[in-house]
Amino acid sequence: MVDFLIQHGIVVTMDPQRRIIENGAVAIEGDKIVAVGKTEKVKKEYSSAGRVFDASRMIIMPGLIDCHVHLAQALIRGCADDVSLVEWLRERVWPLQGHYSKEDGKISALLCMLEMIKSGTVCFVESMLHTRYGFDGIAEAVRQSGMRAVLSKTVMDTVGYGTQEAIMHEGMIETREQSLNEAVQMIRKWNGEADGRIHVWFGPRTPGGCSPELYREVSQLAKEYHTGITMHLAEVKEDVKYTKKEFNLLPVEFAKSVDLLGPNVLLAHAVWLTSKEIRMLAKSNTKVCHCPASNMKLASGIAKVHEMLQAGVTVSLGCDGGPSNNCYDMIREMKLAALLHKVHSLDPLVMPAESVIEMATTNGVESIGLSNEIGAIMPGRKADIILIDLKKPHLTPLHNPISHLVYAANGSDVDTVIVNGKIIMENQEVKTIDEKWVMKEAQKRGLAITQKSGITIKSRWPLNKAASQNRVSNI
Ligand SMILES: [Zn+2]
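Per the working numbering, numbering through the sequence shown is continuous, rising by one, with the last residue being 1951.
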């Protein structure tokens, strides 16, 4: 007798052989997968189950891993479109986030998690939680949601960003002591909580936001607490200019100089790297999270993902945030990743659908040190599984489930989500979060934040050629 038997589906196992099992079944007992194989065979072994799911014309696969998320930015989606990066950050994102209350932070996290669950993400890496968003409330929200998460506490001791012209909004500023102490406290309090679903990391700001001494201290503390570090690096060209000017080093060389390369370090973006830096990442087993939508929308550049993968760097995928993406849907992100690198290299062979699915699953779990726990449908792994419904016009006829997953499916095709052996969404209904209530609160709080920060969002029409050339904003 097992708790769940999911049968008659197409199991995309993501096991080392990358087996795809037609008319397959998965048996789950407690929080673990106990059997996977042809339905007939698994049913022989486990003739009775607490619940039986019919997954006919559905894909059964490991849940998706989003390796770069800003939970707090879900409330300011659509507030910073089509502006230059400095304006995006200094005049929109920072002032808006600088007006958050802890309750706003929690509602934004719940909203973001709703969207992630509904589009098949089971685990994510939050890269920078500032004190004002309320770490405790957000960790509680993760516990409630049933998701798996890495929550990284912002660490900083400098108010700039790269160049001195971008000074952080006062509402976002934390001192070295505050930010570091809270990070350590939160690691002690939350790491391993919620049945092991919550992990707490350090989230130092981008070079320019932390002193070299602080980075070294973070690296040391991460070793002491056996935890990870995530940081934005070389997202835009200016980031390279900054480390060159200030330290006469390329971004990855700078990271090495402050002891920030290693298997427990996950770098977001890593767009502007040289081949030498890519080799340094591979050699040190430093991980990279690629965020194609964000890089395209902010015109940051195109990361050398193919070269990184060829060099042996573990590259995962991330949606980034509400103002830079503007959605938290990994299925969309997979398609963007596949298409972006084809057109950039003028080579349709360069980023096959299979590679992109690996980035969203196996590479993701490797990036957060959970390779032996999740990321594949195999006996002994935790049951973090999603069911994708193929009974849709845009997914018919079915020739190749891998093709449909990357090139034709949407996040809204996800039907059921199981994390740690618990159903958190079934028939597209999220069981752990009150969706209507969260949307109502989010609408109210999102508008209040724009009012408090004095930012009005309106249409750009009528388009004025001269104005757009001068980059006059719509605020
Ligand atoms: Zn980011």
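Note that the Cβ used here is the ideal one computed from N, Cα and C, for glycine as well.
Exercise for review: For Q1483, write down the residues that DSSP places opposite it in a beta bridge.
Suggested key: Residue 1483 sits at position 7 when you count from the first residue of the sequence shown. Residue pairing of Q1483 in beta bridges, as defined by DSSP: D1530.
Point to revise | C-alpha gap between I1504 and D1671, whole angstroms | key: The sequence position of residue 1504 within the sequence shown is 28, counting from 1. The sequence position of residue 1671 within the sequence shown is 195, counting from 1. Computed Cα separation, rounded: 17 Å.
Check your understanding: Terminal residues of the continuous alpha helix (DSSP H) containing H1782?
Key -> Walking along the sequence shown from the start, residue 1782 turns up at place 306. Per DSSP, H1782 belongs to the alpha helix (DSSP H) from V1781 to A1787.
**Study point:** Cβ shell of L1627 (< 8 Å), same chain only, five flanking positions each side left out
**Key:** The residue you call residue 1627 lines up with position 151 of the sequence shown. Result list for L1627: E1602, L1605, F1611, I1614, A1615, V1618, M1662, W1666, I1674, H1675, V1676 and W1677, in chain order.
Check your understanding: Should N1724 go down as buried or exposed, given a rule of 16 or more other Cβ atoms within 10 Å for buried?
Key -> Taking the sequence shown and counting its residues from 1, the one referred to as residue 1724 is at position 248. Exposed.
Practice item. Name, in chain order, the residues that DSSP records as bridge partners for C1765. Key: Within the sequence shown, numbered from 1, the residue matching residue 1765 stands at position 289. For C1765, which the question treats as bridged, DSSP gives the partners A1744 and S1792.
Check your understanding: Cβ of G1704 within 7 Å of any heavy atom in ligand 1?
Key -> Reading the sequence shown from its first residue, position 228 is the one you call residue 1704. No - ligand 1 has no heavy atom lying nearer than 7 Å to the Cβ of G1704.
Review point. Who are the Cβ neighbours of R1652 in its own chain at under 7 Å, not counting the five residues just before and after it?
Key: Your numbering for residue 1652 matches position 176 in the sequence shown. Only D1633 and L1690 meet the Cβ criterion.
Exercise for review: Select from T1597, K1868, I1705 and V1635 the residue whose C-alpha is nearest the C-alpha of A1744.
Suggested key: Here residue 1744 refers to the residue found at position 268 of the sequence shown. Checking every option, the nearest Cα to that of A1744 belongs to I1705.
Point to revise | For K1508, the residue or residues it bridges with in DSSP | key: As a working note, residue 1508 is residue 32 in the sequence shown. Answer is E1505 and K1858.
Review point. Can you list, in chain order, the residues of its chain whose CB lies under 7 Å from that of D1865, leaving out five sequence neighbours each side?
Key: Locating residue 1865 in the sequence shown gives position 389, counting from the first residue. Excluding residues within five positions, the ones whose Cβ falls inside 7 Å are M1534, D1889 and D1891.
Review point. Ordered along the chain, which non-local residues of its own chain (more than five positions away) have a Cβ less than 6 Å from that of C1599?
Key: Looking up residue 1599 in the sequence shown gives position 123. Result list for C1599: I1541 and R1624, in chain order.
Practice item. With hydrogens ignored, establish whether the beta-carbon of S1603 is closer than 7 Å to any heavy atom of ligand 1. Key: Position 127 of the sequence shown, counted from the first residue, corresponds to residue 1603. When distances are taken from the beta-carbon of S1603 to the heavy atoms of ligand 1, the shortest one is below 7 Å.
Practice item. Please name the residue, chosen from A1659, E1646 and I1593, that lies closest to S1621 on a Cα-to-Cα basis. Key: On the sequence shown, position 145 is the one that residue 1621 refers to. It is I1593.
Exercise for review: Determine the direct distance from the alpha carbon of K1732 to that of T1932, and round the result to whole angstroms.
Suggested key: Translated into the one-based positions of the sequence shown, residue 1932 becomes position 456. Translated into the one-based positions of the sequence shown, residue 1732 becomes position 256. Going by the C-alpha atoms only, they are around 42 Å apart.
Review point. Comparing the CB of D1796 with every heavy atom of ligand 1, is any distance shorter than 7 Å?
Key: Counting from one through the sequence shown, the residue named residue 1796 turns up at place 320. Yes, the Cβ of D1796 comes within 7 Å of a heavy atom of ligand 1.
Check your understanding: Residue ranges of each alpha helix (DSSP H) run of no fewer than 4 residues wholly in the region 1611-1674, ordered along the chain?
Key -> Complete alpha helix (DSSP H) runs here, min 4: 1611-1621, 1652-1666 and 1669-1672.
Review point. Is the beta carbon of H1546 within less than 7 Å of some heavy atom of ligand 1?
Key: To locate residue 1546, count along the sequence shown from 1; it is residue 70. Correct: H1546 has its Cβ closer than 7 Å to ligand 1.
Check your understanding: To the nearest whole angstrom, what separates the beta carbons of V1635 and I1643, a pair I think is in contact under 8 Å?
Key -> Within the sequence shown, the letter at position 159 stands for residue 1635. Within the sequence shown, the letter at position 167 stands for residue 1643. Right, the Cβ-Cβ distance comes to about 5 Å (below 8 Å), so this counts as a contact.
Exercise for review: Go ahead and pull the three-state DSSP assignment for C1543.
Suggested key: Residue mapping note: residue 1543 aligns to position 67 of the sequence shown, counting from 1. Reduced to three states, the DSSP call for C1543 is strand.
Review point. So, using beta-carbon positions, are T1682 and E1650 closer together than 8 Å?
Key: As a first step, residue 1682 is located in the sequence shown; it is residue number 206 there, counting from the start. As a first step, residue 1650 is located in the sequence shown; it is residue number 174 there, counting from the start. Taking 8 Å as the Cβ cut-off, T1682 and E1650 do not qualify as a contacting pair.
Review point. Can A1550 be considered in contact with ligand 1, in the sense that its beta carbon sits closer than 7 Å to one or more heavy atoms?
Key: Here residue 1550 refers to the residue found at position 74 of the sequence shown. No - ligand 1 has no heavy atom lying nearer than 7 Å to the Cβ of A1550.
**Study point:** H1675 beta carbon near ligand 1 (any heavy atom closer than 7 Å)
**Key:** Here residue 1675 refers to the residue found at position 199 when the sequence shown is read from its first residue. For H1675, the shortest C-beta to heavy atom distance toward ligand 1 is 7 Å or greater.
Exercise for review: Can you check the region 1822-1901 for any alpha helix (DSSP H) of at least 4 residues that lies completely inside it and give the ranges in chain order?
Suggested key: Every alpha helix (DSSP H) of 4 residues or more that sits fully in the region 1822-1901 is shown, in chain order, as 1829-1836 and 1838-1843.
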